[in-house]
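S.K.: Protein chains in written order, with this note's numbering: chain A, 1 to 113; chain B, 1001 to 1355.
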Amino acid sequence: MLGMCITHSIASGMGGVRTAGDLVARIQMARGMKTKDAKKYVADKLKISVPELTDSTVMTVVREELGLGCVAQLPGHPKGMEAKFNIAKLLDIEINSVNKFKQKTGMFTPASA
Amino acid sequence: MAKTMQRFGDGYLREMTETELQKDIEDGIQDAAERCGGSPLSDDETKHLFDIYASPQRFVSVEPGNEILLTHDGGTIKLNVGVSGGAGLGLDIGRRLCTEIYERMLGSDTMDFGHVDYSFKPAKNILADEQQEMEQTVLSTIIPIYYGAMPNLGSYTRPDGPFRNPTMLLTEGKIEEAREASEEMMKAATRDMVYIASGMYEAGADGVNFDTTGALGDVDFLATLRACEILKKKYPNIFIEMGMAGEFVLGIHGALEYDGVRLAGLWPHQQVKIAAKAGVTVFGPAINTNTKRSCAWNVARVVTMMKPCMEAAEIPVHPNMGMGVGGSPLTDIIASDAVSRGSTAVAEIAKVDGL
């Protein structure tokens, strides 16, 4: 773990929910975008610069303000599935687990189901 | 003559002069360029690689702005039991908690969620259990999660499976029988991969990771390509990652083709085009580590092989950089000095999309 996963995370990784890593990954996964383009897309949606995507101080504030979920499980703030609802809406993408949640709770049937 | 300490593919450190290091890097570049028909690295790229490996620091990283995405193979099961060989950390926790740890403690951008055997075939009998745990996990986590497993066509041969073993038949000179057995295995494996991946997508996973694709050469590769094609038609939004088993597709069958292209003998820059046609979202080439050579030599090969792959790729590329591939040493406990250098080199010189 320390040698491989953590080393890659620190040496070259975007940082996951500490920063915007999960958001850039979601765009790459949903749209097939290359990382450079996916970073630009997410930065534009968040109204921040591309370098700020990997700044944990900036991104903690942004994530709290937009309800995107954080490392810290802040009381009253969106977590888990709640945060993914907000991420899908903000990034304008379909998230499978969010759509399944909506189907199961009768919220709607997505076009792609 | 300045001395440097270089990690080797077997995991041990050895002293090298800067001249020896430079020659090792040049040899690695030359080896890769000759094997896959690509161009050698430029002088600037070679110097960048030399600087990374000549650095006396115990840890090297990318410059801010050059960060890339991280996908995983076998992610969650590495914290508890490990992948088949028992190399896990032994923590008495389930995959939901593992995913939360990766998300909130380890800064993972995404997570792979797989069965302890990490093959599709044995997961068939416990699909409902896999779905239950996935359904719970996607409720409490934010990062994208995909179900990961190996096509592992070897597990379909006798005595573990119902089919004759093509590699045994080949040693007996029974080429036609070996090809027949391969074709029977492919049908069963494709069916299983589609069944499991569909079940996990229905449980809320973002997609599927076909890890160690091509372990049984072109037979394994084609069975997986067919599964990708079926899944993409069935679920247009599904995320599909394909991680390869090695740098070169072995010709176990020898005559198999996908969309008119013979699969045996393909290198990463050719594999990525085939993967994209089949509906793969992210392609993960695997460049083998030579344990007798330095990590600098190995990573020089990786970067040189990745450059034409990146030029050819219309989809994002995340090369495998774990134990025994991507220039990482073949040890369970991998030295961070080696991994951080490989990570940095591939991100900044090959300009990959992720790892």
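A virtual CB, placed ideally from N, CA and C, is assigned to each residue, including glycine.
Which one of B:Thr1331, B:Ala1338, B:Arg1293, B:Val1280 has the shortest CA to CA distance from B:Ile1317?
M.R.: According to the sequence shown, residue 1317 of chain B is Val rather than Ile. It is B:Val1280 whose Cα lies nearest to the Cα of B:Val1317.
S.K.: Per DSSP, what kind of secondary structure is B:Lys1003 in: helix, strand or coil?
M.R.: Correct three-state label for B:Lys1003: strand.
S.K.: When the distance is taken between beta carbons, is B:Ala1312 closer than 7 Å to B:Val1272?
M.R.: For B:Val1272 and B:Ala1312, yes; Cβs fall inside 7 Å.
S.K.: Among residues of its own chain, excluding the 5 on either side of B:Glu1015, which ones have a beta-carbon nearer than 7 Å to its beta-carbon?
M.R.: The residues are Lys1003, Met1005.
S.K.: When the Cα of B:Tyr1156 is compared with those of B:Pro1166, B:Glu1130, B:Pro1268, B:Gln1057, which residue comes out closest?
M.R.: When only C-alpha atoms are compared, the closest one is B:Pro1166.
S.K.: So, is B:Phe1008 buried or exposed, given that buried needs 16 or more other C-beta atoms within 10 angstroms?
M.R.: Its Cβ being crowded by 16 or more others within 10 Å, B:Phe1008 is buried.
S.K.: So, is the C-beta of A:Thr54 closer than 7 Å to a C-beta in chain B?
M.R.: True, the Cβ-Cβ gap to chain B drops below 7 Å.
S.K.: Do A:Lys45 and B:Gly1204 have their C-beta atoms within less than 7 Å of each other?
M.R.: Taking 7 Å as the Cβ cut-off, A:Lys45 and B:Gly1204 do not qualify as a contacting pair.
S.K.: Of the residues that make up the stretch 1133-1145 of chain B, which ones have a beta carbon closer than 7 Å to any beta carbon in chain A?
M.R.: Here the close residues are Val1138, Leu1139, Ser1140, Thr1141, Ile1142, Ile1143, Pro1144.
S.K.: Is the beta carbon of B:Gly1207 closer than 7 Å to that of B:Gly1243?
M.R.: No, Cβ-Cβ distance for B:Gly1243 and B:Gly1207 is not below 7 Å.
S.K.: Just list the residues that DSSP pairs B:Ser1119 with in beta bridges.
M.R.: In the DSSP output, where bridge partners are listed per residue, B:Ser1119 has B:Met1150.
S.K.: Taking B:Val1303 as the query, report the chain A residues whose CB atoms sit under 9 Å from its CB, ordered along the chain.
M.R.: Within chain A, no residue comes near B:Val1303; the closest Cβ sits about 13 Å away, beyond 9 Å.
S.K.: Is B:Val1272 helix, strand or coil when you go by DSSP?
M.R.: Helix, per DSSP.
S.K.: Using 10 angstroms around the beta-carbon of B:Leu1250, count the other beta-carbons present and answer buried if the total reaches 16, otherwise exposed.
M.R.: B:Leu1250 is buried by the Cβ-count criterion.
S.K.: Where does B:Ser1061 fall in DSSP's three states?
M.R.: B:Ser1061 falls in the coil class under three-state DSSP.
S.K.: DSSP three-state call for B:Ile1145: helix, strand or coil?
M.R.: Of the three classes helix, strand and coil, the one that applies to B:Ile1145 here is strand, per DSSP.
S.K.: Quick check on this structure: which residue in B:Gly1090, B:Leu1139, B:Leu1079 has the alpha carbon closest to the alpha carbon of B:Gly1114?
M.R.: Minimum Cα distance to B:Gly1114 is reached at B:Leu1079.
S.K.: If you count every other CB in all the chains shown that lies within 10 Å of the CB of B:Ser1039, and 16 or more means buried, which is it?
M.R.: So B:Ser1039 ends up on the exposed side.
S.K.: Nearest-angstrom Cα distance between A:Asn96 and B:Gln1022?
M.R.: Roughly 49 Å between the two C-alpha positions.
S.K.: What is the C-beta distance between B:Gly1028 and B:Trp1297, in whole angstroms, given that I count them as a contact (C-beta under 8 Å)?
M.R.: Contact holds; Cβ gap of about 4 Å.
S.K.: Pair every Cβ in the stretch 1173-1182 of chain B with every Cβ in the stretch 65-73 of chain A, then say whether three or more of these pairs are closer than 8 Å.
M.R.: No: fewer than three Cβ pairs fall under 8 Å.
S.K.: Could you check what DSSP says for B:Ile1238 in three-state terms: helix, strand or coil?
M.R.: Note: B:Ile1238 maps to coil in three-state DSSP.
S.K.: So, does the CB of A:Met4 fall closer than 7 Å to a CB anywhere in chain B?
M.R.: Output row for A:Met4: interface = yes.
S.K.: Are the beta-carbon atoms of B:Thr1099 and B:Thr1071 separated by less than 7 Å?
M.R.: It is not a contact, given that the beta carbons lie outside the stated cut-off.
S.K.: Note down, in chain order, all residues in the stretch 1191-1205 of chain B with a beta-carbon under 9 Å from any beta-carbon belonging to chain A.
M.R.: Against chain A - using a Cβ distance shorter than 9 Å - the residues of the stretch 1191-1205 of chain B are Tyr1201, Glu1202, Ala1203, Gly1204, Ala1205.
S.K.: Alpha carbons only, please: which of B:Met1134, B:Lys1124, B:Thr1141, B:Gly1090 is nearest the one belonging to B:Ser1108?
M.R.: Comparing Cα positions, the closest option is B:Thr1141.
S.K.: Using a Cβ-Cβ distance under 7 Å, would A:Arg63 count as near chain B?
M.R.: No, because no Cβ of chain B sits closer than 7 Å to the Cβ of A:Arg63.
S.K.: Can you tell me which of B:Thr1331, B:Pro1319, B:Ile1333 puts its alpha carbon nearest to the alpha carbon of B:Ser1343?
M.R.: Among B:Thr1331, B:Pro1319, B:Ile1333, the Cα nearest to that of B:Ser1343 is on B:Pro1319.
S.K.: How about B:Ala1338 and B:Val1303: do their beta carbons lie closer than 7 Å?
M.R.: Cβ distance not < 7 Å, so B:Ala1338 and B:Val1303 don't count as in contact.
S.K.: Let me make sure I understand the geometry here. Which of B:Gly1327, B:Ala1275, B:Val1282 has the alpha-carbon closest to that of B:Lys1292?
M.R.: When only C-alpha atoms are compared, the closest one is B:Gly1327.
S.K.: Would you say B:Glu1176 reaches chain A, if we count a Cβ-Cβ gap shorter than 7 Å as a contact?
M.R.: Judged by the 7 Å Cβ criterion, B:Glu1176 is not in contact with chain A.
S.K.: Identify which residue in B:Ala1300, B:Met1306, B:Ser1336 has its Cα closest to the Cα of B:Gln1030.
M.R.: When only C-alpha atoms are compared, the closest one is B:Ala1300.
S.K.: What does a CB cutoff of less than 6 Å around B:Gly1065 pick up in its chain, not counting 5 residues either side in sequence?
M.R.: No residues qualify anywhere along the chain.
S.K.: Per DSSP, which residues does B:Leu1106 bridge with? Please list them.
M.R.: DSSP, once it has assigned bridges, lists no residue as partnering B:Leu1106.
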